[in-house]
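Here's the structure we're looking at; comments come further down.
Protein chains: 2
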Amino acid sequence: MRFSSKAEYGLKAMTNLAAYYPGQKSSTDLAQEEEIPSKYLERLMGKLRKNALVTSTKGKGGGYALSRNPQAIAIGEIIEALEGPIAPMRCVGAFCAKRKNCPSSKVWDELGLQIRVTLYRMKLSELAKK
Amino acid sequence: MRFSSKAEYGLKAMTNLAAYYPGQKSSTDLAQEEEIPSKYLERLMGKLRKNALVTSTKGKGGGYALSRNPQAIAIGEIIEALEGPIAPMRCVGAFCAKRKNCPSSKVWDELGLQIRVTLYRMKLSELAKK
DNA sequence: TTATAAACATACCAATTTAGTATGAGTTAA
DNA sequence: TTAACTCATACTAAATTGGTATGTTTATAA
Chain D
29 MRFSSKAEYG LKAMTNLAAY YPGQKSSTDL AQEEEIPSKY LERLMGKLRK
79 NALVTSTKGK GGGYALSRNP QAIAIGEIIE ALEGPIAPMR CVGAFCAKRK
129 NCPSSKVWDE LGLQIRVTLY RMKLSELAKK
Chain B
29 MRFSSKAEYG LKAMTNLAAY YPGQKSSTDL AQEEEIPSKY LERLMGKLRK
79 NALVTSTKGK GGGYALSRNP QAIAIGEIIE ALEGPIAPMR CVGAFCAKRK
129 NCPSSKVWDE LGLQIRVTLY RMKLSELAKK
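Protein chains in written order, with our numbering: chain D, 29 to 158; chain B, 29 to 158.
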């Protein structure tokens, strides 16, 4: 059970932007500072933008900035933007004909809830670097 | 972020054995009843045995049985036996030179703790089939 | 008006992990 | 002595991850 590096990279980039808030920074700079492959990060930033977590400006001098105050951005939002909905097992939330007879669904439902509670309670502002 | 089918299969097999406790059942029967590929389940049962969650008897008429009362088996034990230690990110628990400066470690530490608390609080007896 | 630096889009690719299958050896009861 | 088991290991196909490559569009500055 692991989150992928997408989540880790995303948290790093977002924490960097939080420290710089409300300034904007290019993905190239972000990538260099956080040691993330530049083109890969670009794609991740695209997902964050589509989920309205950052704004972007194109063209020379452009870049990304947080779309909201870091206190108003939940860690869970960042992670779900990059990895998709939190669901500890494939069947969770999905239709399953055997569901009513499936003992393990209780585990996945309860666990998914706890993970969401944890990740939505934590805010980006809490991850500020020293 | 997903647990693999190993966890799902393991929970199904263990729940089946719990309903049959303290009886023993062959992996072939378990596999058939729970619709799990037989040889794959055999390997999973091996891991459960190595983690002292089931006992096995070899030879004709042999099979597997819970090694303890279902109330005394935590869901987390089953999952960790099959998937390894719960750690939502590769670096969690591992040595990392950058750790002290890593803002996201706070997320993974807290999340890992919550997941463990949830999965060790739930007991196999709670998953009994209707 | 042209060069440059940036976001944005998409196709491709290698490595790793997952979810098995295949084969066979050892063990016990009938 | 054979059938029904556990147990061990090697192999493999499919999916996922973690990228790279290539190119287009957009804005700024010289």
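C-beta atoms are modelled at their ideal positions from N, C-alpha and C, and glycine is treated no differently.
{"Asked": "Sequence-distant residues of its chain with Cβ nearer than 7 angstroms to G140 of chain B (five each side left out)", "Found": "I114, A115, P116 and V120"}
{"Asked": "A47 of chain D classed as buried or exposed, judged by whether at least 16 other C-beta atoms fall within 10 angstroms", "Found": "exposed"}
{"Asked": "Residues near E61 of chain D by beta carbon distance below 8 angstroms, same chain, minus five either side", "Found": "N44"}
{"Asked": "CB contact below 8 angstroms: M73 of chain B versus chain D", "Found": "no"}
{"Asked": "Short Cβ contact (8 angstroms threshold) for N79 of chain B with E105 of chain B", "Found": "yes"}
{"Asked": "Per-residue contacts from E36 of chain B into chain D (C-beta, under 7 angstroms)", "Found": "M117 and S132"}
{"Asked": "Rounded C-alpha distance that separates S33 of chain D from G87 of chain B", "Found": "46 angstroms"}
{"Asked": "Host beta strand (DSSP E) of L26 of chain B (start-end)", "Found": "Within the shown structure, residues of chain B are numbered from 29 to 158, placing residue 26 of chain B beyond reach of any answer."}
{"Asked": "is_contact[E138 of chain D, chain B] using C-beta, thresh 8 angstroms", "Found": "yes"}
{"Asked": "Contact check, I101 of chain D vs L39 of chain D, beta carbons under 8 angstroms", "Found": "no"}
{"Asked": "For G91 of chain B and A59 of chain B, the rounded distance between their alpha carbons", "Found": "12 angstroms"}
{"Asked": "Start-to-end residues for the alpha helix (DSSP H) that takes in V145 of chain B", "Found": "S133 to R149"}
{"Asked": "Chain-ordered neighbours of V135 of chain B on chain D, where CB pairs are closer than 8 angstroms", "Found": "L39, I103, L147, M150 and L155"}
{"Asked": "I143 of chain B beta carbon less than 8 angstroms from that of A35 of chain B", "Found": "no"}
{"Asked": "Proximity winner among D:M150, D:E138, D:C124 and D:V145, relative to V135 of chain B (alpha-carbon distances)", "Found": "D:M150"}
{"Asked": "Presumed contact (8 angstroms Cβ cut-off) between M233 of chain B and A93 of chain B, rounded CB distance", "Found": "The question about residue 233 of chain B has no answer, for chain B in this structure spans 29 to 158."}
{"Asked": "Delimiting residues of the beta strand (DSSP E) encompassing S55 of chain B", "Found": "No beta strand (DSSP E) holds S55 of chain B; the alpha helix (DSSP H) holding it covers S55 to E62."}
{"Asked": "Beta carbon proximity, Q142 of chain B to chain D, threshold 8 angstroms", "Found": "yes"}
{"Asked": "First through last residue of the beta strand (DSSP E) which encompasses S84 of chain B", "Found": "V82 to T85"}
{"Asked": "Min CB distance E62 of chain B to chain D below 8 angstroms", "Found": "no"}
{"Asked": "DSSP three-state assignment for A47 of chain B, whether helix, strand or coil", "Found": "helix"}
{"Asked": "Cα-Cα separation between D57 of chain B and S95 of chain D, rounded to whole angstroms", "Found": "56 angstroms"}
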